[in-house]
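In what follows, a structure is listed as structure tokens, so that the remarks can point back to it.
Residue numbers (my numbering): 18 to 285.
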């Protein structure tokens, strides 16, 4: 049964409303980033794109950007590794405490990030560890690694175990099976987990607020500037980070497609 023209129009209108609800705030931020006035007012009477040049040339923004990239990069790499082996334990292999492991690994996801950040700060203080961006990496991993594990586990659930068994019957070692069968088959899930890990760490504010100490990430700086000392530089930096995130996702989607085409061409 095909939907009527009225139903299709209704679904289209509903979809457009959802998109407008999601993206109109970004449009408003974009307009604020090109306002010549120092304070946010609508409608905008004078436009100026000089804030983008100031954001690119700002030493403060560059320092914050480098620090945020270091945190997000380390979290991404470690989450991909931990998530890969965690997904094997979560979904691929059957062992005695698998059910308990599946429940425990979900717990950090359900904690409010502010509560988790405060708990980690108290733990660091009890251990005598001075909070810095290194402790922020640990805090991000506590929350993001389980998410990466679940993403890769979705791929691992569709994994055919007979492939590994056939390779083992043919005399392949465990390392060979891992290198030639397990990793390639789970790689799409690993890449997806890496993209999620980077974006979640890149824009994380609650955990960073409690665990960076004297250091500061880009989301913390944006919040501080919004609370006091607002200028159009704030939405400008926000728009630039959104564009960077979109570019990262685009690259993450294009690279697997290019690799598949290259392998297909090589096989042909």
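Think of the CB as a built atom: it goes at the ideal place given N, C-alpha and C, for glycine as much as any other residue.
Three-state secondary structure (DSSP) of residue i
i, result
"residue 52", "strand"
"residue 64", "strand"
"residue 111", "coil"
"residue 247", "coil"
"residue 197", "helix"
"residue 178", "helix"
"residue 162", "helix"
"residue 148", "coil"
"residue 222", "coil"
"residue 122", "coil"
"residue 229", "coil"
"residue 253", "helix"
"residue 21", "coil"
"residue 258", "helix"
Own chain partners of residue i with C-beta closer than 6 Å, once the 5 adjacent residues on each side are dropped
i, result
"residue 153", "88, 225, 228, 229"
"residue 103", "166"
"residue 135", "227"
"residue 244", "none"
"residue 194", "181, 184"
C-beta contact flag for residue i and residue j at 8 Å
i, j, result
"residue 85", "residue 161", "no"
"residue 163", "residue 200", "no"
"residue 92", "residue 214", "yes"
"residue 235", "residue 81", "yes"
"residue 171", "residue 206", "yes"
"residue 133", "residue 98", "no"
"residue 248", "residue 216", "no"
"residue 232", "residue 140", "no"
"residue 138", "residue 148", "yes"
Residue i: first and last residue of the uninterrupted alpha helix (DSSP H) it sits in
i, result
"residue 129", "Where residue 129 is concerned, there is no enclosing alpha helix (DSSP H), given that its DSSP letter is neither H nor E."
"residue 100", "76-104"
"residue 190", "Taken as a continuous stretch (DSSP letters only), residue 190 belongs to no alpha helix (DSSP H), as it is neither H nor E."
Close beta carbons around residue i, own chain, < 8 Å, minus the five adjacent residues each side
i, result
"residue 212", "265, 266, 269"
"residue 107", "115, 118, 119, 122, 166, 167, 170, 173"
"residue 146", "152"
"residue 242", "248, 250, 251"
"residue 71", "250, 253"
"residue 258", "219, 220, 235"
"residue 156", "133, 134, 137, 224, 225, 227, 228"
Pick from the options that is closest to residue i, judged by C-alpha positions
i, options, result
"residue 202", "175, 186, 223", "175"
"residue 66", "76, 51, 45, 238", "51"
"residue 76", "279, 254, 27", "254"
"residue 101", "73, 190, 204", "204"
"residue 40", "278, 279, 256, 187", "256"
"residue 110", "31, 74, 155, 178", "178"
"residue 238", "22, 35, 79", "79"
7 Å Cβ shell around residue i - same chain, five flanking residues per side excluded
i, result
"residue 252", "46, 49, 50"
"residue 210", "96, 97, 100, 165, 168, 169"
"residue 223", "130, 131, 134"
"residue 189", "none"
"residue 198", "180, 181, 184"
"residue 105", "173"
"residue 94", "none"
"residue 240", "222"
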